[in-house]
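J.: If you're matching positions, the sequence shown starts at 1 in UniProt numbering and goes up one per residue. Following this message is one structure expressed as structure tokens.
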Amino acid sequence: MLGIQGLLARLVDVVLIVAGALVASHIRFEDLGQSRVDGAFITFSVAFALVSFPVFGLYESWRGRSMLRLTGQVSLAWLVVQACGLVLMFSLHRTDFISRLWFTYWIAITGGALIVSRLMLHAVLRSVRYAGMNLRDVAVVGVGAHCQEVVCKMEASPASGFRASAMFDVDPGAAAIPKGVPVFDDFQKFSEHVRKTGVQEIWLALPLSEESTMLRFVNEFRDDLVNIRFIPDVRSMALFDGGVIDLIGAPAISLVASPLPPRAILQKEIFDRVFAALALLALMPLLTVIAVAVKCSSHGPVFFTQFRKGADGRVFKIYKFRTMRPHAERTGVVTQATKGDPRITRLGALLRRTSLDELPQFFNVLRGEMSVVGPRPHAIEHDELYQKVINGYIHRYRIKPGITGWAQVNGFRGETDRVEKMQKRVEHDLYYLRNWSFALDMRIVVTTVAKGLVSSNAY
């Protein structure tokens, strides 16, 4: 059942969506009596928003979480809502009643309003918390650098609403203690302090080997109204920060698994399909011109196809515009293109240098085989080679490969004639997997368009 805060949040969003449509109409038509606003479209968008926004986590508590990530989530959710509304209106043959300029204004105005409203609420809560209100007192139980890191992060994020009010050091002297936080090494005195001062949360920042210590604190405060949370120190084992998931009804910590939770994968999937469809529609004239040019410039097919590995190691056929003259390769051998490679046609050199040969991969994205952003797929023969010599290479298969990626916008593209170059590329791919967010994807897309289309390394 929804609480009063959830209902108010939904009501505010509905008001902003409707108000944004009316404001956009006033800007576009000036006289509301002459406006061509489709009430059904607005109604559909409101309905889609009420269904979709909870899926994107917009009504969850964002205490202690990134506002940049929230901005990305709101933007993605609103674009998905409008895309769904537009598809429905197209299906009902009502798009002729919609002004394209009004629709653009509506997207921008309402999207900005949804983001600003949340940032304003966050700013108010931050001011309140800076004033010492709406805070939750936390007692941290831990050992060594991990415990110190948790306390320091809490102190560095006062807007999160958590305040370190006590600390129990399991191994005194293992690490420097943050100043201003009472430290205990006597269990009884620590328990008395927690109850006396009304501490609301106990965070167990402990390694997995400290099971007996965790059990001791859980048993001690079992009958107290105190939230006990476990922040495990798994840095020596975990490849990605997978967090805790529900697995067959039991909590599980992912040490080596997909770095993206199911909700993030769904969001990325929706964005990929919508972006690929719009890109193909917008680029169709350019694709046609390039296809004709490739066919006329040299003998051979328009498209170059090759098998690559995708998510979970599944093999798929990748599409590119052909940039080389037809030639034969030995079985099991794929020769990388080099500078001045005689196999490359004159048109092919231009296409490779500007990355225009990669555009047909939007069809792979639309088919669900690739993503707009992700680790670039390599020839299967190269995968088998580098997997044996580069640590962590196999984890590039955790998600779908991308048309562009974090490595590419940082200059690691083109020929990998040395293992060190591939090592750097893999390091950037793993960084992307560990730090994925919708905002990071948008940054990579914008950077690719702004400066990544031309590279001296692409030949």
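Beta carbons are placed, not taken as given, at the ideal position from N, Cα and C, and that holds for glycine.
For Leu359, tell me which candidate among Phe307, Val449 and Asn391 has the shortest Cα-Cα distance.
T.: Residue 359 sits at position 359 when you count from the first residue of the sequence shown. Of the listed residues, the one whose Cα sits closest to Leu359 is Val449.
J.: Using C-beta distances below 6 Å, list every residue in its chain close to Asp429, excluding the 5 sequence neighbours before and after it, in chain order.
T.: Working through the sequence shown from its first residue, we reach residue 429 at position 429. So the qualifying residues of the chain are Pro375, Arg396 and Ala407.
J.: Using the rule of at least 16 other Cβ atoms within 10 Å of the residue's Cβ for burial, across every protein chain shown, is Cys147 buried or exposed?
T.: For the purposes of this step, residue 147 is taken as residue 147 along the sequence shown, with counting starting at 1. Buried, by the Cβ-count rule.
J.: Whole angstroms are fine: how far does the CA of Ala379 sit from the CA of Pro342?
T.: On the sequence shown, residue 342 is found 342 positions in, with the first residue counted as 1. On the sequence shown, residue 379 is found 379 positions in, with the first residue counted as 1. The straight-line gap from Cα to Cα measures roughly 20 Å.
J.: Over the uninterrupted beta strand (DSSP E) stretch that includes Leu204, give me the two end residues.
T.: For the purposes of this step, residue 204 is identified with residue 204 of the sequence shown, where counting begins at 1. Run containing Leu204: Glu201 to Ala205, per the beta strand (DSSP E) assignment.
J.: Where does Ile231 sit, in a helix, a strand or coil, going by DSSP?
T.: Within the sequence shown, residue 231 is the residue found at index 231, counting from 1. The answer is coil: DSSP assigns Ile231 none of H, G, I, E or B.
J.: Grab the span of the beta strand (DSSP E) containing Ile270 for me, first residue to last.
T.: Along the sequence shown, one-based indexing puts residue 270 at 270. Careful: Ile270 lies outside any beta strand (DSSP E), inside the alpha helix (DSSP H) at Pro262 to Ser297.
J.: So the beta strand (DSSP E) Gly142 belongs to, where does it begin and stop?
T.: Along the sequence shown, read from residue 1 onward, the residue named residue 142 stands at position 142. First-last of the beta strand (DSSP E) with Gly142: Arg136 to Gly142.
J.: When DSSP builds the beta bridges, which residues end up paired with Gly402?
T.: Taking the first residue of the sequence shown as 1, we reach residue 402 at position 402. Answer is Ser371.
J.: Could you give the distance in angstroms between the alpha-carbon of Met442 and the alpha-carbon of Leu206?
T.: Here the question's residue 442 lines up with position 442 in the sequence shown. Here the question's residue 206 lines up with position 206 in the sequence shown. The alpha-carbon atoms of Met442 and Leu206 are separated by roughly 36 Å.
J.: Go ahead and pull the three-state DSSP assignment for Asp185.
T.: Here the question's residue 185 lines up with position 185 in the sequence shown. Asp185: coil per DSSP, three-state reduction.
J.: By DSSP, does Val226 sit in helix, in strand, or in coil?
T.: On the sequence shown, residue 226 is found 226 positions in, with the first residue counted as 1. It is coil, neither helix nor strand.
J.: Between which two residues does the alpha helix (DSSP H) carrying Thr43 extend?
T.: Locating residue 43 in the sequence shown gives position 43, where the first residue counts as 1. Note, Thr43: alpha helix (DSSP H), Gly39 to Val55.
J.: Which class does Gly357 belong to by DSSP, given the choice of helix, strand or coil?
T.: Within the sequence shown, the letter at position 357 stands for residue 357. First, the residue type needs correcting, since residue 357 is Asp and not Gly in the sequence shown. Helix.
J.: Relative to the C-alpha of Val199, which residue among Arg216, Ala123 and Val138 is closest?
T.: For the purposes of this step, residue 199 is taken as residue 199 along the sequence shown, with counting starting at 1. The option with the nearest alpha carbon to Val199 is Val138.
J.: Counting C-beta neighbours from all protein chains within 10 Å, is the total for Pro262 16 or more, i.e. buried, or is it exposed?
T.: Locating residue 262 in the sequence shown gives position 262, counting from the first residue. With fewer than 16 Cβ atoms within 10 Å of its Cβ, Pro262 is classed as exposed.
J.: What residues match up with Phe303 in a beta bridge as DSSP calls it?
T.: Position 303 of the sequence shown holds residue 303. In the DSSP output, where bridge partners are listed per residue, Phe303 has Phe321.
J.: If I measure Cβ to Cβ from Ser52 and keep anything under 7 Å in the same chain, skipping five residues before and after, which residues do I get?
T.: Translated into positions along the sequence shown, residue 52 becomes position 52. Around Ser52: Ala77, Val80 and Val81.
J.: Who does Phe168 pair with in a DSSP beta bridge?
T.: To locate residue 168, count along the sequence shown from 1; it is residue 168. According to DSSP, which records beta bridges pairwise, Phe168 is partnered with Val141 and Phe184.
J.: Return the CA-CA distance between Val274 and Val143, expressed in angstroms with no decimal places.
T.: Residue 274 sits at position 274 when you count from the first residue of the sequence shown. Residue 143 sits at position 143 when you count from the first residue of the sequence shown. Cα-Cα distance, rounded: 47 Å.
J.: Could you tell me the distance, in whole angstroms, from the CA atom of Asp312 to the CA atom of Ser258?
T.: Numbered from its first residue, the sequence shown carries residue 312 at position 312. Numbered from its first residue, the sequence shown carries residue 258 at position 258. Cα to Cα, Asp312 sits roughly 9 Å from Ser258.
J.: Count the other CB atoms within 10 Å of the CB of Lys309; is the residue buried (16 or more) or exposed (fewer)?
T.: On the sequence shown, position 309 is the one that residue 309 refers to. Burial call: buried.
J.: Helix or strand or just coil, what does DSSP make of Arg308?
T.: In the sequence shown, the residue the question calls residue 308 occupies position 308. If DSSP states are grouped into helix, strand and coil, Arg308 belongs with the strands.
J.: Excluding five sequence neighbours on each side, which residues of the same chain lie with their C-beta closer than 8 Å to the C-beta of Leu101?
T.: Position 101 of the sequence shown, counted from the first residue, corresponds to residue 101. Taken in chain order, the residues that qualify are Arg28.
J.: List the whole-angstrom C-beta distance separating Leu347 from Val294, where the pair is believed to meet the contact cut-off of C-beta under 8 Å.
T.: The residue given as residue 347 occupies position 347 in the sequence shown. The residue given as residue 294 occupies position 294 in the sequence shown. Yes, they are in contact, since the Cβ atoms of Leu347 and Val294 sit about 6 Å apart, within 8 Å.
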